[in-house]
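Chains Z and P, in that order, give the protein sequences. Per this note's numbering, the first sequence runs over residues 85 to 303. Per this note's numbering, the second sequence runs over residues 85 to 303.
There are 2 protein chains.
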Amino acid sequence: MERIIDSQLEDLKKLMLEMGGQVEKALQTATEGLQKKDNNLFKEVHQFETHINELQIKIDNACLHVLAKQGPVAKDLRLILSIIKINTDLERMGDQCVNIAHLGRELLERSFTSSMQDIETMSACVSKMVKGCLDSFVKMDVVAAQKILEMDDQVDMLKNKVYKDSTELMKVQPQNIQNLMDLILIARNLERLGDHATNVAEDVIFAFSGKDVRHGAND
Amino acid sequence: MERIIDSQLEDLKKLMLEMGGQVEKALQTATEGLQKKDNNLFKEVHQFETHINELQIKIDNACLHVLAKQGPVAKDLRLILSIIKINTDLERMGDQCVNIAHLGRELLERSFTSSMQDIETMSACVSKMVKGCLDSFVKMDVVAAQKILEMDDQVDMLKNKVYKDSTELMKVQPQNIQNLMDLILIARNLERLGDHATNVAEDVIFAFSGKDVRHGAND
Numbered sequence: 085m086e087r088i089i090d091s092q093l094e095d096l097k098k099l100m101l102e103m104g105g106q107v108e109k110a111l112q113t114a115t116e117g118l119q120k121k122d123n124n125l126f127k128e129v130h131q132f133e134t135h136i137n138e139l140q141i142k143i144d145n146a147c148l149h150v151l152a153k154q155g156p157v158a159k160d161l162r163l164i165l166s167i168i169k170i171n172t173d174l175e176r177m178g179d180q181c182v183n184i185a186h187l188g189r190e191l192l193e194r195s196f197t198s199s200m201q202d203i204e205t206m207s208a209c210v211s212k213m214v215k216g217c218l219d220s221f222v223k224m225d226v227v228a229a230q231k232i233l234e235m236d237d238q239v240d241m242l243k244n245k246v247y248k249d250s251t252e253l254m255k256v257q258p259q260n261i262q263n264l265m266d267l268i269l270i271a272r273n274l275e276r277l278g279d280h281a282t283n284v285a286e287d288v289i290f291a292f293s294g295k296d297v298r299h300g301a302n303d
Numbered sequence: 085m086e087r088i089i090d091s092q093l094e095d096l097k098k099l100m101l102e103m104g105g106q107v108e109k110a111l112q113t114a115t116e117g118l119q120k121k122d123n124n125l126f127k128e129v130h131q132f133e134t135h136i137n138e139l140q141i142k143i144d145n146a147c148l149h150v151l152a153k154q155g156p157v158a159k160d161l162r163l164i165l166s167i168i169k170i171n172t173d174l175e176r177m178g179d180q181c182v183n184i185a186h187l188g189r190e191l192l193e194r195s196f197t198s199s200m201q202d203i204e205t206m207s208a209c210v211s212k213m214v215k216g217c218l219d220s221f222v223k224m225d226v227v228a229a230q231k232i233l234e235m236d237d238q239v240d241m242l243k244n245k246v247y248k249d250s251t252e253l254m255k256v257q258p259q260n261i262q263n264l265m266d267l268i269l270i271a272r273n274l275e276r277l278g279d280h281a282t283n284v285a286e287d288v289i290f291a292f293s294g295k296d297v298r299h300g301a302n303d
């Protein structure tokens, strides 16, 4: 017999995936904006964020409702707590995409035309992490979530490379200081997106295995 | 008659305030490290963060326990959900303090001796926000929490000032580019601490009034 809570949890998961889809699109659109130097794409990112913010409130309310009406325990409770946390991380991912769009617009205004190869590589890597953590949630796949945690190192390495290369360039291209600064900040926003994807992966591991892997903890 | 849940909620609040106290100390110590150019203070920040991380896991487990055993509803449930979210924000505040300490150590290694007046003003403002949001939680004071939200503008303004002044200086002091970059990043970490304090204030408002004030929402 299907329990009421099962259909409520299914609805919650669907909402969360809708939100995750919006985050993926926001990141993809912001990155494309940087590649194509297209201001309209940066504007679109704001629309995704508005939708993301609405979904955040909707999901929190739905979680509150299930907790109050069903008094879930064990794995149901773990799943809801994980959704509450993932919800927060997804919303902040949306904020980071908006930050990237904002910096991208500044670069456009200053007619910055240099290649952003490392930023594009970083963005591709972060996109994989975002997609991967959402997939691991859908498939309840703890092993896949574990792999996301490992991907974060590459993102950090690329962020450090952008920082190092850009500060070196600043010394010989003082006219480009603000543009190079914006690249560093975009790299930091991408790094934070990766951190949030890592948090989501940790929540997926907790939801479906009961293991708390934060801060190297084992229980 | 006192309910079991009341004493459990009291214990939870105490844990959360212990964690908040550690965050306040971490921020204060990091700022003092910058002022006094003292590496030992930066090392201390890491000890606070370790404690903060332990408390995060302890608080999450305690919330899970209360939810599973007591099946709280209405304002008890709102309070627990708020604590779960505040817990996440406090942990991330600890991360930001560690970032500041890390950047401070870099500045020391490069013997950076310039004044950091704006950073100090920013830090004082953020400290007030951190203390204020925790106080509003203890006193269940929605009006005080509302005031925290307003303080965030000043922090953002100071962050923009540090950004502008530092990029201007970079153009005429290329030998100082990395140091000035670190100042910009410290300002961004302080800004993020302010954002987290804002999130906490929003959670306090939700916990004690039931109003969701995120994203300009009114219900």
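Even for Gly, the Cβ is constructed at its ideal location relative to N, Cα and C. What you are looking at is a predicted structure, and each value in this text was computed from that prediction instead of being measured.
From the beta-carbon of Lys255 (chain Z), the residues of chain P found nearer than 7 Å are Pro258, Ile261.
DSSP places Arg87 (chain Z) outside both helix and strand once states are collapsed to three, so it counts as coil. Every unbroken stretch of the alpha helix (DSSP H) spanning 4 or more residues and falling wholly within the region 219-300 of chain P is given here in chain order: 226-256, 261-293. DSSP places Gly178 (chain P) in the uninterrupted alpha helix (DSSP H) bounded by 158-193. Of the residues assessed, Gln106 (chain Z) falls on the buried side of the cut-off, its CB having 16 or more other CB atoms within 10 angstroms. Residue range 123-154 is occupied by the alpha helix (DSSP H) that includes Thr134 (chain P). In the structure shown, the three-state DSSP call for Met213 (chain P) is helix. With fewer than 16 other Cβ atoms from the protein chains shown falling within 10 Å of its own Cβ, Lys98 (chain P) counts as exposed. The Cβ-Cβ distance between Ala208 (chain Z) and Phe126 (chain Z) does not fall below 8 Å.
Comparing alpha carbon positions, the residue from P:Ile89, P:Glu133, P:Arg189 closest to Gln180 (chain P) is P:Glu133.
Taking C-beta atoms under 8 Å as the contact rule, Ile261 (chain Z) and Met254 (chain P) qualify, at a distance of about 5 Å. Chain Z has no Cβ within less than 8 Å of the Cβ of Asp90 (chain P). Going by beta carbons, Leu111 (chain P) and Val210 (chain P) fall inside the 8 Å limit.
For Ser198 (chain Z), the secondary structure class from DSSP, reduced to helix, strand or coil, is coil. 8 Å or more divides the Cβ of Val239 (chain Z) from the Cβ of Gly300 (chain Z). Taking 8 Å as the cut-off, the beta carbon of His280 (chain Z) is found no closer than this to the beta carbon of Arg194 (chain Z).
Sixteen is the threshold: since fewer than 16 other Cβ atoms of the shown chains lie within 10 Å of the Cβ of Ser198 (chain P), the residue is exposed. Excluding its 5 nearest sequence neighbours in each direction, Ala152 (chain P) has no C-beta neighbour in its own chain below 8 Å. The beta carbon of Ile170 (chain Z) is closer than 6 Å to those of Val284, Asp287 in its chain, skipping five residues each way along the sequence.
Put simply, the region 258-274 of chain Z touches the region 229-249 of chain Z. At least three CB pairs are less than 8 Å apart. For the region 150-173 of chain Z, the beta-carbon criterion of a distance under 7 Å to any beta-carbon of chain P is satisfied by Leu151, Ala152, Gly155, Val157, Leu161, Leu165, Ile168, Lys169, Thr172. The Cβ of Asp296 (chain P) sits closer than 8 Å to at least one Cβ of chain Z.
Straight across, the Cα-Cα distance linking Val129 (chain P) with Leu242 (chain Z) is about 26 Å. By alpha-carbon distance to Asn183 (chain P), the top candidate from P:Thr115, P:Val214, P:Leu218, P:Gln259 is P:Thr115. Residues of chain Z with a Cβ closer than 8 Å to the Cβ of Ile141 (chain P) are, in chain order, Asp296, Arg298, His299, Ala301. Apart from the 5 residues on each side of it in sequence, Thr113 (chain P) sits with its Cβ closer than 6 Å to the Cβ of Leu125, Glu128, Val129 in its chain, given in chain order.
Proximity of Met100 (chain Z) to chain P, defined by a Cβ-Cβ separation below 8 Å, is not satisfied. Taking all protein chains shown into account, Gly294 (chain Z) has fewer than 16 neighbouring C-beta atoms within 10 Å of its C-beta and is therefore exposed.
Cβ proximity to chain Z below 7 Å picks out Thr251 from the region 241-252 of chain P. Using a 10 angstroms sphere on the CB of Ile88 (chain Z), the tally of other CB atoms stays under 16, which defines it as exposed. Using beta-carbon distances, Asn137 (chain Z) counts as an interface residue toward chain P, with a partner under 8 Å. The residue from P:Phe290, P:Arg189, P:Asp202, P:Lys109 with its alpha-carbon nearest to that of Ser220 (chain P) is P:Phe290. Between the C-alpha atoms of Asp160 (chain Z) and Leu274 (chain P) there is a straight-line separation of about 37 Å.
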